[in-house]
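Engineer: Here the numbering used here is used: position 512 in the sequence shown is 512, and no number is missing along the way. Glycine is no exception: its CB is placed at the ideal position from the N, C-alpha and C atoms. Note that the structure is a prediction, hence the values are computed from the model and not measured.
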Amino acid sequence: MQCSSWSPVKSSFHDTSQFGYLALPNLRGPLKAQVTKAREQYQLATQQVEAIATVTAVGAQRLEDKLHQAEAALATAEKVAGQKQPAVQEIIVAETQTQAALKEIAAVRQGAKVYQALTRQGDREYALAVASSMTKVHREVARNSPALLTEAADKPLQLDGARGEYVHGQVVIVPVEQDMTGLTWSAEPLRGPEGTTIPLSIRVVGYLKTEKPPYEVDFVGWWPDPLLSHLATVDVPVGACQPLWVTVAIPREARPGMYEGQVQISAAGSDQAVPVQLRVRSFEIPKTRHLRVADCYKENVGPELYGEAWNDKLKWRFRQFILNHRLNVDGIYNWGLDMGKEPVEDLKRLWAGGQNFFTIVYVGDKEIVVTPEWCEKVDATIQRAHEAGIPDEALWFYGYDEVGEERRAEMITNSKELKERYPQIGIMTTAVFPDLGARDELAQTIDAWVPQTPIYEKYKGTIAATRARGKEVWWYICNGPQHPYANWFVEYPAIEARLLMGMMAWKYQPDGFLHYALNLSPKNDKVIDDGPLCRWDPTSWQSYNGDGCLFYYGIDGPVSTIRLENITDGLEDYEYFWVLRDLTDKLRHNDALRHTRQGTLALRAARRCLEVPPSTVETLTSFTQDPTEVERVRSAVADAIEGLLSLGLEQS
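Here it is, written out as structure tokens:
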């Protein structure tokens with residue numbers, strides 16, 4: 001059998017003749033061992049399902065259906081393993097089927113454990129559990145860990161956040177004995193100090209059906225992603241889970257302290273409730289965003305999907321939605337959003353809404369871009385930006401997207417002309433030059449280099465040297481890198497999006513983050529109006545699920561996603577660290593306060609919390625998958641901030 005290496009960047013196969021061939025030994029023996037192990041696991045799963053059949057017959061039947069799928073795959077694999085001299089291709093296919101069967105069997109065993117635990121908690125038709133916003137709760141009970149749905153049952157949903165912050169959690173409904181129809185929910189505002197209240201909102205977690213993508217995934221099928229606000233009731237069959245996404249937008253004027261309330265669930269004449277506890281911190285999330293983001297919002301997608309219903313109100317509903325999630329209404333490629341065509345009043349509104357990056361124009365489509373006619377348009381755009389109050393440091397040229405050495409000479413010529421004509425405007429590129437322009441004029445003309453995240457560990461010296469020249473080094477992701485690096489495909493753990501934008505960004509200190517698109521949806525021609533199992537096609541760029549698409553389109557406007565909410569939570573985590581560092585610097589320069597016992601202890605705690613621990617992020621390929629670890633570190637940072645504020649320091 002011959003093997004070849006594969007390039008995930010170019011999505012192509014190398015010529016095997018350049019790399020040689022790999023001879024494989026007889027695989028029949030290992031296959032037989034795998035099949036034997038799978039058969040043993042199958043028997044154990046069968047026994048577990050039989051054991052729960054007396055308490056949840058419907059649940060047992062759903063698990064048995066999954067076992068039948070595994071049995072069919074095992075039968076084929078056993079037939080191949082029993083041959084004296086099976087072909088290599090037969091062995092490979094049989095081994096793949098065996099691994100798939102093992103995954104199904106493991107899921108069935110997990111599902112059986114969940115039902116066993118839930119039925120021991122009392123005689124009720126459905127169970128309630130809570131889950132972190134960093135956890136993707138799968139539709140099938142059998143795809144979730146038993147701990148997720150049992151250890152968190154009958155516990156309060158605990159939230160913790162600063163004023164001005166959005167905090168999230170999940171309430172999970174798990175039918176035990178019969179299918180649930182017409183399930184509804186409600187919630188009163190949370191009550192806190194001196195009778196003050198904070199409302200909470202509830203959305204239904206929706207699911208999108210995936211096909212096999214060009215990267216490894218745990219399974220192909222229904223994945224949780226859209227957060228649906230248009231549903232007022234859902235049906236949940238036995239064998240399925242239905243999470244509700246709970247959000248609290250903490251007002252900036254909220255009183256610090258503990259707030260309490262509950263989420264009520266009604267189904268099949270049975271009412272249950274999950275307590276909600278919110279701790280409001282004494283500091284605010286800064287309005288100013290300290291991690292800059294360059295992105296591309298294709299605003300023309302809205303008119304295509306909504307038709308005549310698209311209007312200025314709907315346009316700004318999407319724009320404000322993007323700004324609320326601490327991203328930018330920008331167009332690094334000028335796809336459907338061209339700053340050169342934005343009215344001054346709209347630019348003012350974006351700047352007032354927190355936007356911190358504006359692309360004047362994309363450069364690099366033509367060999368010669370700096371012509372008098374081109375400069376006239378750029379001059380007019382810069383003038384209108386100034387009229388809107390946008391400073392030069394927020395204005396950028398972006399271009400030469402991911403080009404290689406073949407266009408280096410062209411880049412040198414055009415960047416020199418740009419810098420001579422517009423010395424006050426930054427030039428940014430994702431050109432793939434490992435030296436980051438160090439060996440020629442690009443060292444001075446390019447103001448911000450944007451490599452993919454893996455470069456930060458592979459070329460530390462080059463990055464340091466680039467910054468020593470006074471230049472910026474951002475980072476980005478797209479359809480790469482893939483695991484073991486963090487990304488935010490629909491099938492990747494939600495915690496990765498949060499870590500990437502928060503604690504990873506703080507640990508590695510990129511000067512900003514770039515993503516090539518926010519809302520690609522080439523295979524959809526109508527908005528989401530169904531659910532929780534939605535017709536929306538999750539493939540965005542080629543056959544990648546969610547790459548370049550962080551939100552969707554619903555009946556009344558934008559549909560957020562689990563991934564987008566975690567991206568925003570990560571950006572808020574980053575602000576926690578920024579606030580702590582800012583207060584730490586103030587204490588360091590306050591000699592009278594710094595030398596007191598309280599000041600010394602607070603400074604020591606703050607310095608310790610400013611470092612992201614290895615238990616959270618050790619490297620860009622070694623990081624936690626445990627939401628409680630992220631919450632632990634974040635809570636420690638918040639405690640340190642409040643400790644500094646208690647000394648009399650003021651937040652900027």
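(1) Roughly how many angstroms lie between the CA atoms of Val88 and Thr453, to the nearest whole one?
(2) Report the residue from Leu227, Ala94, Gly161, Thr196 whose alpha carbon sits nearest the alpha carbon of Thr561.
(3) Which parts of the stretch 306-390 are runs of the beta strand (DSSP E), unbroken and 3 residues or longer, counting only runs that do not cross its ends?
(4) Per DSSP, Pro275 forms a beta bridge with which residues?
(5) Can you check DSSP and say which residues form a bridge with Pro558?
(6) Would you report the Cα separation of Leu159 and Glu284, rounded to the nearest angstrom?
(7) Which class does Tyr576 belong to by DSSP, given the choice of helix, strand or coil?
(8) Can you tell me the Cα-Cα spacing of Ile427 and Ser415, whole angstroms?
(9) Does DSSP put Leu644 in a helix, in a strand, or in coil?
(10) Return the chain-ordered list of same chain residues with a C-beta closer than 6 Å to the C-beta of Glu140, the five sequence neighbours on each side being excluded.
(11) So, with DSSP's three-state summary, where would you put Leu31?
(12) Could you give the first and the last residue of the continuous beta strand (DSSP E) run that contains Asp235?
(13) Pull up the DSSP beta-bridge partners for Thr429, would you.
(14) To which residues does DSSP link Trp223 through a beta bridge?
(15) Give the DSSP bridge partners of Phe513, in chain order.
(16) Looking only at its chain, what residues have a beta carbon closer than 6 Å to the beta carbon of Gly437, apart from the 5 residues adjacent to it on each side?
(17) Could you give the first and the last residue of the continuous alpha helix (DSSP H) run that contains Glu417?
(18) Going straight from the alpha carbon of Thr76 to that of Ala57, what length do you get?
(19) Can you tell me the Cα-Cα spacing of Asn487 and Asp591, whole angstroms?
(20) DSSP beta-bridge partners for Val280?
(21) Quick check on Pro25: does DSSP put it in helix, strand or coil?
(22) What residue ranges within the stretch 34-121 form continuous alpha helix (DSSP H) runs of no fewer than 4 residues, ordered along the chain?
(23) Given a cut-off of 8 Å on the beta-carbon distance, is the pair Glu491 and Val217 in contact?
(24) What would DSSP say about Gly548, mapped onto helix, strand or coil?
(25) Compare the C-beta of Gly470 with all C-beta atoms of chain C and state if any pair is closer than 8 Å.
(26) How far does the beta strand (DSSP E) with Ala187 in it extend, from its first residue to its last?
(27) Give every residue of the same chain whose Cβ lies closer than 6 Å to the Cβ of Pro25, excluding the five residues on either side of it in the sequence, and list them in chain order.
(28) Could you have a look at Gly195 and say whether DSSP puts it in helix, strand or coil?
(29) What does DSSP give as the partner residues of Trp541 in its beta bridges?
(30) Of all the options Leu278, Ala294, Glu402, which has the alpha carbon lying nearest to the alpha carbon of Leu514?
(31) Which of the three DSSP states, helix, strand or coil, is assigned to Val268?
(32) Could you tell me the boundaries of the alpha helix (DSSP H) in which Pro613 lies?
(33) Between Arg326 and Leu571, is the Cβ-Cβ spacing less than 8 Å?
(34) Decide if Gly29 is buried, meaning its Cβ has at least 16 other Cβ atoms within 10 Å, or exposed.
(35) Helix or strand or just coil, what does DSSP make of Pro484?
(36) Take Ile80 and list the residues in its own chain whose beta-carbon comes closer than 6 Å to its own, dropping the five residues that flank it on each side.
Structural biologist: The structure says:
(1) Each residue's alpha carbon lies about 38 Å from the other.
(2) Per the Cα distances, Leu227.
(3) Counting only runs of 3 or more, we get 358-363.
(4) Gln262, per the DSSP bridge assignment.
(5) Partner residues in the beta bridge of Pro558, as assigned by DSSP, are Tyr553.
(6) If you draw a straight line from the Cα of Leu159 to the Cα of Glu284, it is about 16 Å long.
(7) Reduced to three states, the DSSP call for Tyr576 is helix.
(8) Whole-angstrom Cα-Cα distance: 8 Å.
(9) Here Leu644 sits in helix by DSSP.
(10) There are no such residues.
(11) Of the three classes helix, strand and coil, the one that applies to Leu31 here is helix, per DSSP.
(12) Where Asp235 is concerned, the enclosing beta strand (DSSP E) starts and stops at 234-236.
(13) Paired residues: Gly399, Trp449.
(14) Beta-bridge annotation (DSSP): Trp223 is paired with Leu208.
(15) DSSP lists Val293, Trp475 as partners of Phe513.
(16) Contacts found: Ala443, Ile446.
(17) Annotation for Glu417: the continuous alpha helix (DSSP H) segment containing it runs 408-421.
(18) Using only the alpha carbons, I get a separation of about 29 Å.
(19) A direct Cα-to-Cα measurement between Asn487 and Asp591 gives close to 44 Å.
(20) In the DSSP output, where bridge partners are listed per residue, Val280 has Gly161, Gly257.
(21) Summary for Pro25: the model assigns pLDDT 46, below 50, so the residue's position carries little reliability; its value from the coordinates is reported in the next sentence. Pro25 falls in the coil class under three-state DSSP.
(22) Counting whole runs of 4 or more residues, the stretch 34-121 contains the alpha helix (DSSP H) stretches 57-81, 88-119.
(23) A contact, by the Cβ cut-off of 8 Å.
(24) Assigned with DSSP and collapsed to three states, Gly548 falls in coil, not helix or strand.
(25) Within the model displayed, chain C is absent; a lone protein chain is all it includes.
(26) For Ala187, the uninterrupted beta strand (DSSP E) run begins and ends at 180-187, by DSSP.
(27) The predicted position of Pro25 is uncertain, since its pLDDT is 46 and thus under 50; a value taken from the coordinates is nonetheless stated next. Answer for Pro25: no residue qualifies.
(28) Gly195 sits in a helix when the DSSP states are folded into three classes.
(29) Beta bridge pairing from DSSP links Trp541 with no other residue.
(30) That would be Ala294, whose Cα lies nearest to the Cα of Leu514.
(31) Residue identity differs from the one stated: residue 268 is Ala in this sequence, not Val. In the structure shown, Ala268 adopts coil according to DSSP, grouped into three states.
(32) For Pro613, there is no enclosing alpha helix (DSSP H), as DSSP marks it with neither H nor E.
(33) Taking the C-beta atoms as reference points, Leu571 is found nearer than 8 Å to Arg326.
(34) That one is exposed.
(35) Pro484: coil per DSSP, three-state reduction.
(36) It should be noted that the sequence gives Val, not Ile, for residue 80. Same-chain partners within the cutoff: Pro86, Glu90, Ala94.
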